[in-house]
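Residue numbers (UniProt numbering), protein chains in the order written: chain F, 1 to 147; chain P, 1 to 165. C-beta atoms are modelled at their ideal positions from N, C-alpha and C, and glycine is treated no differently. Keep in mind the model is a prediction, meaning the values are calculated, not measured. Structure first, commentary second.
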């Protein structure tokens, strides 16, 4: 929810908490999640301050890819190396699962994120190879399904 | 149209053709064995729909599979499951016959049945025929409209990050 606000689209969240839990931790997980937790030394209670959600895509030319779907750290916890640590762990996952690379989408207006990823060695495939992300929304799908 | 069910299908040949069409032939590093294992082994990483010439018309010299679509399911924490169309190709000689539309219709039915909120896919910006095909059917270009860019981090940089102190 917080990340949705960061990306300026809080009303775009339509999934319920129940759906989200079932889809990630039910019989067939549709995503995997890494969380960064901070412990309050005084109360000894932990809370999640950052997370990365990912799953696996497939390119028939090169095989499995790790697809980083969401990556967010709460503002007060940025600049502490949490993001780097998460990325480091994520980088280990594809190597263990024989993925050729990691792919993800970034909003071009998100300058801090774009700079951060470029520094890590990322390339912008949209600019370099001309790839655009297209979508058929539910309405278009229903129309085509019934043609 | 039917779902590809295993080693008997020759969609592998079509992947090679698609690679040629997209000018990406040198980037194909996956072997046929890996492709088949990844699609039809214990944990399928993709599903495939193939367009086949009717049995009565099969010839031994020509392709019997003339089109295919490769897809899988991805996830958006705000809207749930999405159908991700990875590859979609109809051989040149078989275009303009409604095969592409039929494949898209089938994919839409799969998406609706699996309760996917939408279908996502990438299109190269120079691929004007495909862009027109998709836009005619109601697709939006999210890169242009919302500013999404596809980034990638290659294995060499992943190894670097994975082993950093």
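Secondary structure at residue 119 of chain F: helix, using DSSP grouped into helix, strand and coil. Residue 136 of chain F places its beta carbon 9 angstroms or farther from that of residue 72 of chain P.
With respect to chain F, the C-beta atom of residue 69 of chain P has no partner C-beta closer than 9 angstroms. When the alpha-carbon of residue 69 of chain P is set against those of P/58, P/144 and P/48, the nearest one is in P/48. Between residue 154 of chain P and residue 64 of chain F, the C-beta gap is not smaller than 9 angstroms, which leaves the two residues out of contact. Classified as buried, residue 86 of chain P has 16 or more neighbouring CB atoms from the shown chains inside 10 Å of its CB. Boundaries for residue 57 of chain F: no alpha helix (DSSP H) harbours it, while the beta strand (DSSP E) harbouring it runs 45-59, taken from the DSSP string. When F/119, F/35 and F/110 are compared, the shortest CA-CA separation from residue 47 of chain F is found for F/35. Within chain F, the residues whose beta carbon sits less than 7 angstroms from that of residue 104 of chain P are 144, listed in sequence order. Between the alpha carbons of residue 139 of chain P and residue 148 of chain P lies a gap of roughly 15 angstroms. Rounded to the nearest whole angstrom, the C-alpha separation of residue 71 of chain F and residue 51 of chain F is 6 angstroms.
Within chain F, the C-beta atoms nearer than 9 angstroms to that of residue 137 of chain P come from 136, 140, 143 and 144, in chain order.
The segment 74-86 of chain P and the segment 117-128 of chain P touch, with three or more beta-carbon pairs separated by less than 8 angstroms. Below the 9 angstroms Cβ cutoff, chain P contributes 149 as neighbours of residue 127 of chain F, in chain order. Shown here, residue 98 of chain P sits in coil according to DSSP, grouped into three states, outside any helix or strand. Residue pairing by DSSP places residue 63 of chain F opposite F/59 in a beta bridge. Interface residue (Cβ-Cβ distance to chain P less than 9 angstroms): residue 82 of chain F is not classified as such. At a cut-off of 9 angstroms between beta-carbon atoms, residue 88 of chain P makes no contact with chain F. In terms of Cβ geometry, residue 145 of chain F and residue 3 of chain P do not form a close pair [threshold 9 angstroms]. When the beta-carbon positions are compared, residue 150 of chain P and residue 105 of chain F come within less than 9 angstroms of each other. Note that the C-beta distance between residue 134 of chain F and residue 142 of chain P is below 9 angstroms. Residue environment: residue 98 of chain F is assigned as exposed (fewer than 16 neighbouring CB atoms within 10 Å of its CB, all protein chains considered).
Pairing residue 79 of chain P with residue 141 of chain F gives a Cβ-Cβ distance that is not under 9 angstroms. If the five residues before and after residue 76 of chain P are omitted, its C-beta is found closer than 8 angstroms to the C-beta atoms of 82 and 117, all from its own chain and listed in chain order. Collapsing the DSSP output to three states places residue 136 of chain P in a helix. At least 9 angstroms separates the CB of residue 49 of chain F from every CB of chain P. Boundaries of the alpha helix (DSSP H) around residue 36 of chain P: 32-40. Contact note: residue 109 of chain P reaches chain F through 145, using a C-beta cutoff of 8 angstroms and chain order. 9 angstroms or more divides the Cβ of residue 102 of chain F from the Cβ of residue 58 of chain F.
Around the beta carbon of residue 114 of chain P, fewer than 16 other beta carbons lie within 10 angstroms, which makes this residue exposed. Annotation: Cβ neighbours of residue 122 of chain F in chain P (cutoff 8 angstroms, chain order): 151, 152, 153 and 157.
Against chain F, a Cβ distance below 7 angstroms from residue 75 of chain P picks out 23, 30, 31, 55 and 69.
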